[in-house]
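So the protein lines, in turn, are chains Z and B.
Letter by letter, the first sequence follows residues 433 to 660 of this note's numbering.
Letter by letter, the second sequence follows residues 433 to 660 of this note's numbering.
This report concerns only the one structure given below.
2 protein chains.
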Amino acid sequence: MSLKLYDLALADPDLRPSPFCWMVKFALLHKELEFETIPVGFADKSQYPDPEYGRVPVIVDGGETVKDSAAIAAWLDRKYPDNPLAATDGEAAAAEFYRAWVFASFFPAIAPMLVARIHALAAEEDKSYFRKSREERFGKTIEELAATTGQKEKVEASLQVLSAPLGRYRFLGGHKPNLCDYTVMGSFMWPRLSAAEDLYEAPQPVAAWMERMLDLFDGYARKAKRPS
Amino acid sequence: MSLKLYDLALADPDLRPSPFCWMVKFALLHKELEFETIPVGFADKSQYPDPEYGRVPVIVDGGETVKDSAAIAAWLDRKYPDNPLAATDGEAAAAEFYRAWVFASFFPAIAPMLVARIHALAAEEDKSYFRKSREERFGKTIEELAATTGQKEKVEASLQVLSAPLGRYRFLGGHKPNLCDYTVMGSFMWPRLSAAEDLYEAPQPVAAWMERMLDLFDGYARKAKRPS
Numbered sequence: 433m434s435l436k437l438y439d440l441a442l443a444d445p446d447l448r449p450s451p452f453c454w455m456v457k458f459a460l461l462h463k464e465l466e467f468e469t470i471p472v473g474f475a476d477k478s479q480y481p482d483p484e485y486g487r488v489p490v491i492v493d494g495g496e497t498v499k500d501s502a503a504i505a506a507w508l509d510r511k512y513p514d515n516p517l518a519a520t521d522g523e524a525a526a527a528e529f530y531r532a533w534v535f536a537s538f539f540p541a542i543a544p545m546l547v548a549r550i551h552a553l554a555a556e557e558d559k560s561y562f563r564k565s566r567e568e569r570f571g572k573t574i575e576e577l578a579a580t581t582g583q584k585e586k587v588e589a590s591l592q593v594l595s596a597p598l599g600r601y602r603f604l605g606g607h608k609p610n611l612c613d614y615t616v617m618g619s620f621m622w623p624r625l626s627a628a629e630d631l632y633e634a635p636q637p638v639a640a641w642m643e644r645m646l647d648l649f650d651g652y653a654r655k656a657k658r659p660s
Numbered sequence: 433m434s435l436k437l438y439d440l441a442l443a444d445p446d447l448r449p450s451p452f453c454w455m456v457k458f459a460l461l462h463k464e465l466e467f468e469t470i471p472v473g474f475a476d477k478s479q480y481p482d483p484e485y486g487r488v489p490v491i492v493d494g495g496e497t498v499k500d501s502a503a504i505a506a507w508l509d510r511k512y513p514d515n516p517l518a519a520t521d522g523e524a525a526a527a528e529f530y531r532a533w534v535f536a537s538f539f540p541a542i543a544p545m546l547v548a549r550i551h552a553l554a555a556e557e558d559k560s561y562f563r564k565s566r567e568e569r570f571g572k573t574i575e576e577l578a579a580t581t582g583q584k585e586k587v588e589a590s591l592q593v594l595s596a597p598l599g600r601y602r603f604l605g606g607h608k609p610n611l612c613d614y615t616v617m618g619s620f621m622w623p624r625l626s627a628a629e630d631l632y633e634a635p636q637p638v639a640a641w642m643e644r645m646l647d648l649f650d651g652y653a654r655k656a657k658r659p660s
């Protein structure tokens, strides 16, 4: 039985923008593990392997269920130690810092550009749940969020810090990608797969790194369906 | 001949607040290398090993002169490969990201609280150079910078991202300190050694990590002289 990843899907089940599900997809590809993705909606938690937990990513591998992208990455490195996602615990700690930076800096900048788009693309049965949960999270209506100005510039400014490691190394992991790359690129898949067009222009050398990340694993991320 | 580190000093030559000189001091201690520090002022570049470069840290080891804290760290790992500062190039890339984060997030928050203090503590012959160079850098007078409000809260907010790695690991380097720890803690020595009192309250678990960093190497950083 192959490994299963529960992955958020929009009305079109091929649209899968969830950033932390993407982090896990990159991690599974890095490990060269076969896996299938199981699309789930936002609202109906009975589709989830653990309805009470009510979030994804969750993987089911044989009889084991593992939740939360960081925990999944650590679990993959324990169970499948070849080709580690984090070769040292210093690299694992750095991935935690990148994840915290994504939440503190990139997500607040990009989220207002995405919420109305995702609402429009969500399945009918998910729309009211999505609206209610996101409006509670942000303390604004979806329409107020969508009307926020200057977000593109904020996103582009937030990305400048990535120019330091990527100006010196091909990947955040150094000469090859590691969990840090998958954490950050996973978060960049969220806007990429929530809009037909690119919503911001990454500064160099970040933009070139994004292209390299899209090319990995036979172009897996580049081939992911975008909205039309 | 022992290794020499050129280190910025204030009017009291035992006051050495330069953040990137501190990164290098931590790196030299980590390598268990004997070194002496050579105090230099801000203005008189003829004291510097490379007056035209006109910055510190610079180390002189035998006949070699190495400039810039990141370059010095990489050079130390090449010349003295035991006990690496960065065990993988993923760790070295992460240290670049922490350094960029320090410049983008911590320094803009803390600098307005420090510039007038350092000006007051600088040697008489350095004061006009220090005022001119810092007022050009910030586009404000020292007195305007000192009058900025809300910086303590900005500093404390900026430190929250460090709680993610430090909530899971004892050090940014994992179970032991690495170049990431020295980069960040070096920057925290700047406010510590520019004021008699603590200027902000780090959130936990960052505060506990700072205490661990002060304890390293027989309390080297904790023993560093603070202004009275």
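Glycine is no exception: its CB is placed at the ideal position from the N, C-alpha and C atoms.
Just so we're clear, the structure is a prediction, and the values are computed from it rather than from any experiment.
Within 9 Å, strictly: CB atoms of residue i and residue j
i	j	result
L598 (chain Z)	W533 (chain Z)	no
P489 (chain Z)	K499 (chain Z)	yes
S403 (chain B)	F538 (chain B)	The shown model of chain B, from 433 to 660, leaves out residue 403 (chain B), and the question about it has no answer.
P659 (chain Z)	A628 (chain Z)	yes
L625 (chain B)	L447 (chain B)	yes
L550 (chain B)	L442 (chain B)	The sequence as given places Ile at residue 550 (chain B); Leu does not occur at that position. Yes, the pair counts as a contact, with Cβ atoms nearer than the cut-off.
K584 (chain B)	L631 (chain B)	yes
P471 (chain B)	P445 (chain B)	yes
P422 (chain Z)	I542 (chain Z)	The shown model of chain Z, from 433 to 660, leaves out residue 422 (chain Z), and the question about it has no answer.
A527 (chain B)	A519 (chain B)	no
F535 (chain Z)	S501 (chain Z)	no
R531 (chain B)	A589 (chain Z)	no
V616 (chain Z)	L646 (chain Z)	no
Y561 (chain B)	V492 (chain B)	no
L650 (chain Z)	H607 (chain B)	Reading the sequence as shown, one finds Asp at residue 650 (chain Z) and not Leu. Going by C-beta atoms, D650 (chain Z) is not nearer than 9 Å to H607 (chain B).
P540 (chain B)	L577 (chain B)	no
L648 (chain B)	P609 (chain B)	yes
Where residue i sits in the DSSP three-state scheme
i	result
P489 (chain B)	coil
D476 (chain Z)	coil
E484 (chain B)	coil
P540 (chain Z)	helix
G582 (chain Z)	coil
E468 (chain Z)	strand
G606 (chain B)	strand
Y530 (chain Z)	helix
D650 (chain B)	helix
A627 (chain Z)	coil
A639 (chain Z)	helix
D509 (chain B)	helix
R448 (chain B)	coil
A443 (chain B)	coil
E633 (chain B)	coil
L546 (chain Z)	helix
D521 (chain B)	helix
Environment of residue i [buried if 16+ CB atoms lie within 10 Å]
i	result
E523 (chain Z)	buried
R569 (chain B)	exposed
L483 (chain B)	Note that residue 483 (chain B) is Pro in the sequence shown, not Leu. Exposed, by the Cβ-count rule.
A579 (chain Z)	exposed
T469 (chain Z)	buried
A689 (chain Z)	Here chain Z comprises residues numbered 433 to 660, so residue 689 (chain Z) is not present and cannot be evaluated.
Y485 (chain B)	exposed
G473 (chain Z)	buried
A639 (chain B)	exposed
A505 (chain B)	buried
A548 (chain Z)	buried
N-terminal and C-terminal residue of the alpha helix (DSSP H) that residue i is part of
i	result
V456 (chain Z)	451-462
A578 (chain Z)	574-578
T615 (chain B)	611-624
K657 (chain Z)	Neither: K657 (chain Z) is in no alpha helix (DSSP H) and is coded neither H nor E.
R569 (chain Z)	556-570
R600 (chain Z)	595-600
Span of the beta strand (DSSP E) around residue i
i	result
K499 (chain Z)	496-499
K436 (chain Z)	435-440
Residue i Cβ short of 8 Å to the ligand ZN heavy atom set
i	result
S590 (chain B)	Absence of the ligand ZN is noted for the structure shown, with no ligands found whatsoever.
(request) Examine the Cβ distances between the stretch 640-655 of chain Z and the stretch 456-470 of chain B and report whether three or more of them are shorter than 8 Å. (result) no
(message) Counting beta carbon pairs with one atom in the stretch 504-523 of chain B and one in the stretch 460-474 of chain B, are three or more of them shorter than 8 Å?
(response) yes
(message) Three or more C-beta pairs under 8 Å: does that hold for the stretch 590-606 of chain Z against the stretch 551-568 of chain Z?
(response) no
(request) Compile a chain-ordered list of the residues in the stretch 511-541 of chain Z whose CB is closer than 9 Å to at least one CB of chain C. (result) Protein chains Z and B are contained in the structure displayed, whereas chain C is not.
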